[in-house]
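Chains Z, F, A and H supply the protein sequences, listed in that same order. Going by the working numbering, the residue at position 147 of the first sequence is 859; the numbering climbs one at a time, nothing skipped. Going by the working numbering, the residue at position 421 of the second sequence is 1133; the numbering climbs one at a time, nothing skipped. Going by the working numbering, the residue at position 203 of the third sequence is 915; the numbering climbs one at a time, nothing skipped. Going by the working numbering, the residue at position 256 of the fourth sequence is 968; the numbering climbs one at a time, nothing skipped. What follows is one structure encoded as structure tokens, with my remarks underneath.
Protein chains: 4
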Amino acid sequence: MKIPSLILKQLYTMGSLENVPGGVRFNLKNRLSDATVTAVSGFAIDGCKLPLADVTLDIGGEVLAAGEVTTARPIALPLRRQMTVICRGQRLELGKHTVGIEFEAAPFGKLAFEVSDAIREHADHRLTVPCDKENNYNPEIIRARQEFVQTMTGASLEHVARYSFDPERTKGNIENFTGVAQIPIGFAGPIRIHGEHAQGDFLIPLATTEGTLVASYNRGMKVLNLSGGVTCTVSDDRMQRAPVFVFDSAREARAFRDWVAANMDSIREAAEATSSVAKLLDIDIILSNKFAYLRFNYATGDAAGQNMVGRATFAACSWMLDRLDTVRSFFLESNLATDKKHSQINMMRTRGKRVTAEAVVQRDVLVQQMRVEPEKLNYHMQIANVGAFLSGANNNGAHSPNGITAMFIATGQDVANVAESSSGILYTEITPEGNIYISLTIPSLIVATHGGGTGLATQRECLEVLGCLGRNKVRKLAEIVAGVALAGEVSLGAAISSLDWVSSHERYGRNR
Amino acid sequence: MKIPSLILKQLYTMGSLENVPGGVRFNLKNRLSDATVTAVSGFAIDGCKLPLADVTLDIGGEVLAAGEVTTARPIALPLRRQMTVICRGQRLELGKHTVGIEFEAAPFGKLAFEVSDAIREHADHRLTVPCDKENNYNPEIIRARQEFVQTMTGASLEHVARYSFDPERTKGNIENFTGVAQIPIGFAGPIRIHGEHAQGDFLIPLATTEGTLVASYNRGMKVLNLSGGVTCTVSDDRMQRAPVFVFDSAREARAFRDWVAANMDSIREAAEATSSVAKLLDIDIILSNKFAYLRFNYATGDAAGQNMVGRATFAACSWMLDRLDTVRSFFLESNLATDKKHSQINMMRTRGKRVTAEAVVQRDVLVQQMRVEPEKLNYHMQIANVGAFLSGANNNGAHSPNGITAMFIATGQDVANVAESSSGILYTEITPEGNIYISLTIPSLIVATHGGGTGLATQRECLEVLGCLGRNKVRKLAEIVAGVALAGEVSLGAAISSLDWVSSHERYGRNR
Amino acid sequence: MKIPSLILKQLYTMGSLENVPGGVRFNLKNRLSDATVTAVSGFAIDGCKLPLADVTLDIGGEVLAAGEVTTARPIALPLRRQMTVICRGQRLELGKHTVGIEFEAAPFGKLAFEVSDAIREHADHRLTVPCDKENNYNPEIIRARQEFVQTMTGASLEHVARYSFDPERTKGNIENFTGVAQIPIGFAGPIRIHGEHAQGDFLIPLATTEGTLVASYNRGMKVLNLSGGVTCTVSDDRMQRAPVFVFDSAREARAFRDWVAANMDSIREAAEATSSVAKLLDIDIILSNKFAYLRFNYATGDAAGQNMVGRATFAACSWMLDRLDTVRSFFLESNLATDKKHSQINMMRTRGKRVTAEAVVQRDVLVQQMRVEPEKLNYHMQIANVGAFLSGANNNGAHSPNGITAMFIATGQDVANVAESSSGILYTEITPEGNIYISLTIPSLIVATHGGGTGLATQRECLEVLGCLGRNKVRKLAEIVAGVALAGEVSLGAAISSLDWVSSHERYGRNR
Amino acid sequence: MKIPSLILKQLYTMGSLENVPGGVRFNLKNRLSDATVTAVSGFAIDGCKLPLADVTLDIGGEVLAAGEVTTARPIALPLRRQMTVICRGQRLELGKHTVGIEFEAAPFGKLAFEVSDAIREHADHRLTVPCDKENNYNPEIIRARQEFVQTMTGASLEHVARYSFDPERTKGNIENFTGVAQIPIGFAGPIRIHGEHAQGDFLIPLATTEGTLVASYNRGMKVLNLSGGVTCTVSDDRMQRAPVFVFDSAREARAFRDWVAANMDSIREAAEATSSVAKLLDIDIILSNKFAYLRFNYATGDAAGQNMVGRATFAACSWMLDRLDTVRSFFLESNLATDKKHSQINMMRTRGKRVTAEAVVQRDVLVQQMRVEPEKLNYHMQIANVGAFLSGANNNGAHSPNGITAMFIATGQDVANVAESSSGILYTEITPEGNIYISLTIPSLIVATHGGGTGLATQRECLEVLGCLGRNKVRKLAEIVAGVALAGEVSLGAAISSLDWVSSHERYGRNR
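This is the structure:
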């Protein structure tokens, strides 16, 4: 098994290069997979070979000279194990330096690569937030941080400090945990959903601080329920990372595109080796100038998957870069993914889930509940369509991000994905019976039922309320979110059409 | 003082029309300003006049016949007071009905208007969330809701139910309050900001569930600090509501545009009468087909202001509609505002705050801290620019919504405004000294230090940490948010450019 | 061979249904392929069967009763042959009517279909342009038109009437030919192009009425030549038609998408049966609401291909519609093609040719010829990039449509395709040697060397000047156009950067 | 009168600096207004003062020493007069050089400025198109060019050479005039237009090479005529130039914005001094990063006005730059104008004419003429709207650029402006009577009846056909173009809706 060189570079942990008394020290960390080092054959700093005798390795407390490593006395280097290297007799200038290393490791054979790090001068002498590298989630350090903040700013953290769970649970979710934001949750619904995954009546937890939001969604749900419920369909599901490759010319970039197509199986294999979940579906390639932009599309199971597709794409690119000598530069992201952004490419080619909620709202229900005729609502839609076209908006509907955001906060989603998830395509049509067909397609709804914040205390409870805990629930969640969003469109759309809109804000909202 | 007819209609509280034994009942609520009713001269249902003798009024418990109201025996009707009207001997069919009312009220003189409401048949017989119309925030009803949710779904709300504040504080922020989402807060910084309002070092509360976010922003802040800090400038500040007026023809729409320009002072007066804070700056008018789209731009003080500009615009439109007979249809919103959406009009003409953060990052700081040269970061920026142009993205930077969202959650902002606030224009340039000038303009950052969720328990504490409690702090907050966002751009931009990006996710994030 | 029913409908020529003395008359035209009718078995109008005895057929002058057609006495119906049908004893009301027809034809077997047309009342009694249905391009009718125009408007057509070619050549290019627009042609260049198809020095015919255009492009060409010429690469080539299929629900639309994927071979076969040139490359499918938008992508040889891909897509859709019973509505175009429009989908996924022109402009050439340093030009580009991002422009360069339009007019292109062809992505970069790499990608350049106006008199001569007459020249033409466009970017970009821009307009242009 | 320094620089004609035997020669041209030079007080090259005795001036053949110019012996320097300066005893290196000059001129007083030009080495040794600097439009040089092209390429220019007008007429419209493109013109209509400027029936000259275009527009006109004609309204009229000013920081850029507002009257005066026609309406200012983008909006009378607004904006910027010391860089265009490009800013804020065409098409006319019911056409529109939203198109209609382009070519417009003029907003609505209201707004239609190609031979005739020759006709032309474009939307929209679309192409177009 040949290891891509870019991945080899990743073995080296950034930021640890430093001058120590008597030499230079740095760390290497195995990020790849379990290995056994059977020989260390060379070390070089900035191109100058070092005598192996001057190099000492420290692996988890066991210290030995570089030359002592042999097949007979191998070093076990399991995944994520770190090795500290000390090169005696060296002293490095400030700035960047390159360290070359050659060794043999089973099952990989001979490995050789260069990595770089910097010797830093600058220290940030300002006070910094207390941090315990070993045990950063225990009560003492958390309390130290709270006190630090209170002392430095004069503010009280009385409520921020009142969380109900074990802070250790936030490991992997936040650094420097100091407390919590308490966001009010109200429940709307139940809403009747006819999905392929979500079927039945669902109570909807909405975490928000905006008055009228819960009431407005609740009202829309009532209208949908009285009209028979909402039908939800996930039509696509794909998560992206979009690296860019720079060439000498457009012609080289075009040749690369064809090379990628011809090597698709191997690229997929390299990508998928990094995860048991991520499946590479296809790659959109856009050529411009001397650049080849690749948008890798993955299925990511129950996770939103941004991290796993980053790793997978990195591995795939490493594989590719090892086989190409025409690439002049490479970046793992290029603004085609487009993470945490609205984009037309998301609109057309999906990011996360592409999901549609549909309902036929009965005329008499709409009139009696919302005091508006279907024709009026439909008319507003046509005019709002022109409005969205003129303003260059990413959503021709009323306010789908309101419900989406409130559900995202409640259920532990990455709330910054509201940027992508805010896009929407709303469509209405009067049926021959005089009712109104209304549907909302969210082309880039990013949700997860695994990973990220979904396992945290209140978030997990809200997912449980929705019946979305456990495996294979992510499309169920997507369906529910879409159904809720449609309820909000019915409610606010009807309110605007019937002129009640301001007054309902007035009734529930806090006035100034 | 003549009252616009649309505003008169708003006096009538929607949704309360019903058949009661012996007649019909409905409510009227004074939403305008204090008044004294000195005569009730006529009531009609669906165009048929009612004998005044059959009409009884109930104002806060005091009951009298409609005909009894005279100058000698007036009814006090202060702002927000509700009057219940009972018309004996009537019975209405299902569906919409119109009620006409004429009366005299000081200081307005004679008022006459029609309102409509519907008699409803449909009841949503599904179980609904327990609700107490009188006292919906007391412990009993909250506990009832928690039990309802737990019973209906089988889920536990153990942590959701663990909030540390008096639920009454959430009145106006949420309906059906049942508990809280607890979102972890970590602190980054301090970050040194040179604003016009924010000056000094700020600790930044970030509420997020995404691993590496706090660490990444912290790293960017260190780089900025070592380079002398970040300069922040608010260059515009305006909030919108965008009604649309429909005419018979483009020519009528054009005449209307000119009429609006000629009557700008009166329109401003009508708008500003509704609030002591909102100031109407100007109106963008876009004509298309037979429609006139008006984008009202307001200054809204410390509030984000969506509600106040809705009311103000509604009042202004009412004034206008009373003076025009060419308008065929009117809607208070038309997708030009563009609330909870990205749009090109926001990008160009601002929504909320237009704020820029700038820094010159020193070459040696960047190399030592981020292991990347300024030229590499700048090169990535050029290529990412092309990427954003190709993908039609609303942000050519890396991930500004990450920091923005985390601060929004922490400080009680309307988080759905991440849709607008996700736009960004990032620009880099190598200075003659070989450093890198980097700046981020956020054209539609929507923040508040008053109203919405800013007064809630943890939210208020986080605002206090930032020194953003009290009057005239909203631009200070905008400056801080922009500075933080730029720190994130430096951090992730440098990581992508130096290839460390995946590995830092790997180190801090939860792996699958 | 089963013929799709939609195609059968196309056999019927629209617009010819009329009441004639003694009956009703209409035409059928064979648009499919050569056939021999061996039996006519039924005719019906609005669902009522007609006695065959009352039906007479007239094929190119040969008249016979419907019942007389037999295997023994077949009717030859070659492609494009028209048959007139007279149904005696009928008289139709104004408005739409349906005609059903059943017959047998070798090699197709039994065919049955319905078509509809309308009986019209409205005659446009205004004077209309003289027209001779049989011989509309001969001198007499052309002169009659010229006189009609001159008489009706009082204008002289002295110069419009002065064309140098046989008007018969314009058949298929224009209806009601009356004369010509004479557009001045100037030559720029030669420009040295290193394409895969265009290699060498090319003189460029530019048809324009805008002063400075030829001079400006000429100046850019000189700069490119002195820097070694321009390298051009066609990286994609695809023409579209984008029908939409309407379903009852999003789920049906999704099922349709999967069905299309499963039947791709048959769909391709049906599409390609209509042309010896068009090749169906792939279909982009975008689902939204209950709609499935299909963007058919074709290779179209030397033609621009809009017509051939329309026919091919129509045939493919016919094949599909015959096999599906879930489609509720169908339109052959849906604004995803996007013919005669700029669009982000063109930008990302190409329309016509995707072509890139690249050059490294030497520093000393730029300074001496354009009085500007590479850094200044590059700086302007960065700032213009931000400008294009803010304005939502479809081109971040200076003015590529100028040269493109002038070449389109000169060489007989469909000039309205400037709408698509106006998009551009310009990129500059300072090389390590201090020169400037500049490249322009035109993502949707629509050019042809066959069909449309390419065969007309002056147009053909201009193509000959470019060496683009004959087969397989269309990519050569695309390369030349791109090279010329880049010359214009160098010229105007440098002029703006060096402040000479206004003055060059002043020197050459007509002043007011 | 103080003259802005940037304008002074423009006095110097670019490109003429050269070493001649015995010294250095260059030209100065008066581009400003009539002047009388009464003293020449200093000359410097690259900062070194020259002895005035070594400087000789040559003004239209009259040669005198620099020192000889006095009030008693002044030099008349009328507008556009050129002066050649010879500096004896100098010899310049290759590359850029600066020439400083000081003199006194009535009525301006003392003038001092620096200009720069380059000494060039590079000669383009390739053959170039023959050119006669003095007399470039006479028959001999034209014939020489024709022969050059024919010889160099082997192509015949038989038809290109057959123009019917005096080539001198093309001065200011084209450089290197060599012949003409002959584009077929067909006439459609008449079309009945109810404009404010265009009233009555108009015959429409369409210059195109695309079969079916004239027939399709003719068909649409018939439908419009039978429905009572088309109503056209110009609702805005403004032409742009958009310079960008670069500052040290966003705060400086913001201060500049406020300074511009405060100095608007003077800026307008400076701008309008350059033209008797251009009126500065207002300036849109967009701030981003450290840049201030200014979009100057002008009324330009009968001209399209791109050149005049360029000059006016240049003058205004010169005035501004002379008064500011915070500007670090300045470019006269920044991609906000957005000349020759589609943009969202054009869509919202107009470029050229914003014009709307409207009609109510009668149900029976539509059915009888186009075989389609209004509801079907309206339904297609709704679905095409979603299509345009998904594809990111700049036009939600069918093909307005077809008719626009054909009229542009016929009437001498700058055809490259199809890029802007291709945008459109189409809207349809079923009326209570069952007819269909259809309207098209073209937000950035760029037309002229004066300047550019409008005075050329065939172009002028076509304008005469439309009654658009003479003063104050440009809005009339805009109305006609919009009416024609709407006819095309009716025709193609109905054809797509009724499925006849391909067949009509088939009937008229050239098949392959």
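The beta carbon of each residue, even a glycine, is placed where N, CA and C say it ideally should be.
Minimum Cβ-Cβ distance from residue i to chain H less than 8 Å
i       : result
Q862/F  : no
N1223/F : Residue confidence is low: N1223/F scores 36 on pLDDT, short of 50, so the model does not pin down where it sits. Its coordinate-derived value is still stated next. Chain H contact via Cβ: absent.
V958/A  : yes
Listed by chain order, chain A residues near residue i by CB distance under 7 Å
i      : result
I813/H : What I813/H touches in chain A: nothing, since even the nearest Cβ is about 17 Å away.
Chain F contact for residue i (CB, 8 Å cutoff)
i       : result
A1131/Z : yes
N739/A  : no
N1058/A : no
Cross-chain neighbours of residue i in chain F, by beta carbon under 8 Å
i       : result
I1137/A : V1098, F1101, L1102
Within-8 Å CB hit, residue i to chain Z
i      : result
A962/A : yes
M713/H : Note on M713/H: pLDDT 44, under 50, position unreliable in the model; no value is reported.
M726/F : In this prediction, M726/F scores a pLDDT of 47, lower than 50, which makes its location untrustworthy; no coordinate-derived value is stated.
Assigned exposure category for residue i - 16 Cβ within 10 Å defines buried
i       : result
K761/F  : exposed
K1053/Z : buried
P1155/A : buried
Residue i at chain A interface by Cβ criterion, 8 Å
i       : result
P1113/H : yes
Own chain, CB closer than 6 Å to residue i, minus 5 neighbours either side, in chain order
i       : result
G779/F  : L764
R1187/F : H909, V946
E1070/Z : T943, S1151
Check: residue i C-beta below 7 Å from any heavy atom of the ligand NAD
i      : result
L789/Z : Within the structure as shown, the ligand NAD is missing, as the structure has no ligands at all.
Close beta carbons around residue i, own chain, < 8 Å, minus the five adjacent residues each side
i       : result
N1090/H : T1140, E1141, I1142, I1148
Contacts of residue i in chain A (Cβ-Cβ under 9 Å)
i       : result
E1141/F : Y1091, Q1094
Proximity below 8 Å, CB of residue i to CB of residue j
i       : j       : result
G1013/H : G1115/H : no
P955/H  : C1029/H : yes
R803/H  : N731/H  : yes
V935/A  : V1077/A : yes
Under 9 Å by beta carbon: chain F residues contacting residue i
i      : result
S978/H : Result: empty, since nearest Cβ-Cβ is about 22 Å, beyond 9 Å.
For the stretch 1153-1174 of chain Z, enumerate the residues whose C-beta is nearer than 9 Å to any C-beta of chain B, in chain order.
No chain B appears in this structure, whose protein chains are Z, F, A and H.
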